[in-house]
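In terms of this note's numbering, the sequence shown opens at residue 81 and continues consecutively.
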Amino acid sequence: MREPAPGASGPPATDPVARAGEAGMRMLAEQVPVLLWATDRSLRVTWGLRHPSLVGLDARLGQLLQSGDAGASAVAAHRRALKGEAVEFDQAWEDRTLHARVEPLRSPGGDVAGTVGLALELDNETRQRREEMLRAGRHDPLTELPNRTLFLERLRQATAGADWCREGLFVLLLDLDGFRGVNARLGFEAGDRLLAAVAVRLGRRLRPGDTLARYGPDEFAVLLSGLRSGDEALLVARRLLGEMAAPFELQGAMVTASASAGLAAGAAGHRPEAIIRDAERALERAKILGRSRFQMFHPGPDAQETLLSDIETALRHALEMEDFHRRYRPTVRRKDGKVAGFEILLWRRSAEQGEASPEPRPSPRPASEIAS
């Protein structure tokens with residue numbers, strides 16, 4: 081029988097059924113190259129079994145869990161297990177890799193008392209194949225940047241860190257202005273080259289620890305951490321938009337491609353999805369106000385009023401620039417299908433978003449006051 085993993089503790093099982101179960105697990109660990117363990121809520125290993133071929137990996141895993149390194153996949157997975165999830169993960173060191181599954185360990189009353197996990201070691205060939213598949217599934221093949229999936233994973237890891245709320249954590253969403261126009265004028269190949277060139281420009285303005293990802297067809301996302309203040313995040317946003325000022329050379333032509341950006345700060349207790357949503361709201365405001373600008377999301381009860389004020393400003397500007405045109409739509413009686421009249425719809429032409437729909441939107445004041 082194998083001895084408990086280093087650092088494991090706890091009395092031996094006294095119940096006959098429990099003793100039989102533990103004996104079965106010890107037999108499993110002797111014959112199959114597996115690693116078994118359990119932790120308490122502080123991620124301290126309280127019990128473990130290992131196959132002889134895995135000696136040393138149990139100690140590495142235990143030390144890693146106690147380090148609290150939020151960037152380690154094992155730590156992030158165990159913290160999710162403490163919230164009730166069952167999580168599979170790969171934990172790689174320079175020379176060895178574990179593929180593992182961890183689940184919540186529940187008390188007789190149903191409360192999560194810790195975690196329980198099982199792991200297999202991956203051989204070099206399997207490890208390389210899995211790394212290639214994992215990279216293909218988490219990276220954008222065009223720009224070679226992390227994709228949305230990997231970006232959200234890193235954001236979850238960052239927000240799960242014990243000290244992250246004492247550091248500045250920000251998400252920046254950057255959307256290319258008029259990208260569809262580039263595709264329409266020069267073709268999709270030129271559009272792809274533009275995206276790749278934008279990725280290179282943005283990447284050279286970021287720190288090694290920042291994450292730049294392709295978040296959508298013409299949208300990039302940046303995860304910034306360790307900043308001292310929101311002012312530093314705003315400086316980063318300004319630098320990134322400044323990188324877009326110089327034209328790009330595509331198919332022998334010089335093409336100008338500006339961008340709009342929305343910035344949101346993480347706060348203690350925020351879920352990653354909420355931070356993304358705040359950044360999307362800020363990006364929406366930047367788009368409404370015009371191209372080549374960024375906006376910071378400001379939480380609070382006046383956030384909606386601020387957005388409405390931005391919409392009003394954009395409408396006033398559209399009136400001054402005569403960006404509206406009329407369309408007529410007939411109204412038909414339901415009972416006989418005959419035309420009873422018509423309605424006039426006012427459409428706004430937007431250089432960034434094309435024609436804006438005339439669907440009703442809330443306004444701080446009546447439209448008659450805006451036009452006055």
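Built from N, CA and C at the ideal position, the CB exists for glycine as well.
In three-state terms, what does DSSP make of residue i?
i      : result
GLN375 : strand
ALA242 : With a pLDDT of 43 at ALA242, under the threshold of 50, the modelled position of this residue cannot be trusted, and the question is left open.
GLY296 : strand
THR291 : strand
GLU329 : strand
ALA166 : coil
ARG218 : helix
ARG181 : strand
SER122 : coil
PRO226 : strand
VAL262 : helix
LEU303 : strand
MET334 : strand
ARG234 : helix
GLU423 : strand
LEU395 : helix
LEU116 : strand
LEU286 : coil
ARG428 : strand
ARG176 : coil
Taking the straight line between their C-alpha atoms, what separation do you get for residue i and residue j?
i      : j      : result
ARG308 : SER147 : 24 Å
ARG218 : ASN227 : 5 Å
LEU330 : LEU252 : 26 Å
ALA345 : ASP298 : 22 Å
ARG413 : ILE424 : 17 Å
ARG407 : HIS397 : 20 Å
ARG357 : LEU286 : 23 Å
ARG409 : LYS415 : 19 Å
GLY342 : ALA366 : 7 Å
LEU137 : ALA238 : 25 Å
THR126 : GLY142 : 10 Å
ASP191 : LEU162 : 10 Å
TRP244 : ALA293 : Low confidence applies here, because TRP244 scores a pLDDT of 48, under 50, leaving its location unreliable; read the following figure in that light. Rounded to the nearest angstrom, the two C-alpha atoms are 20 Å apart.
ASP290 : ASP203 : 31 Å
ARG186 : LEU123 : 14 Å
TRP117 : ARG236 : 24 Å
ALA157 : TYR295 : 23 Å
PHE169 : ALA301 : 24 Å
LEU315 : ALA362 : 16 Å
ASP120 : ALA152 : 18 Å
VAL114 : PHE250 : 40 Å
ALA242 : ALA354 : Note on ALA242: pLDDT 43, under 50, position unreliable in the model; the coordinate value appears next. The alpha-carbon atoms of ALA242 and ALA354 are separated by roughly 19 Å.
GLY271 : PHE328 : 11 Å
PRO132 : VAL112 : 10 Å
ASP149 : ARG159 : 11 Å
ALA193 : ALA166 : 14 Å
ARG318 : ARG371 : 14 Å
PHE377 : ALA359 : 7 Å
HIS405 : GLY421 : 20 Å
LEU70  : HIS350 : The shown model of the chain, from 81 to 452, leaves out residue 70, and the question about it has no answer.
Taking residue i as part of the alpha helix (DSSP H), name the residues at either end of that continuous run.
i      : result
GLY271 : 268 to 283
HIS482 : Since the first and last residues shown for the chain are 81 and 452, residue 482 lies out of range.
ALA317 : 310 to 323
GLU364 : 352 to 369
SER187 : No alpha helix (DSSP H) holds SER187; DSSP gives it neither H nor E.
LEU141 : 137 to 147
Please say whether residue j and residue i have beta carbons closer to each other than 8 Å?
i      : j      : result
PRO188 : THR195 : no
VAL335 : VAL278 : no
ALA339 : MET324 : yes
GLY164 : ALA180 : no
ILE368 : ALA326 : no
LEU321 : PHE259 : no
VAL155 : LEU145 : yes
LEU222 : LEU275 : yes
GLY248 : GLY332 : no
ALA337 : LEU282 : no
ALA199 : LEU230 : no
PRO352 : LEU232 : yes
ARG176 : GLU201 : yes
TRP173 : ARG140 : yes
Where do the N-terminal and C-terminal ends of the beta strand (DSSP E) with residue i fall, by residue?
i      : result
SER340 : 339 to 345
GLY197 : 192 to 202
ARG407 : 404 to 412
GLY248 : 248 to 256
Verify the contact flag: residue i, CB atom, against every heavy atom of the ligand NAD, threshold strictly below 7 Å.
i      : result
PRO410 : Because no ligand of any kind appears in the structure shown, any question about the ligand NAD cannot be addressed here.
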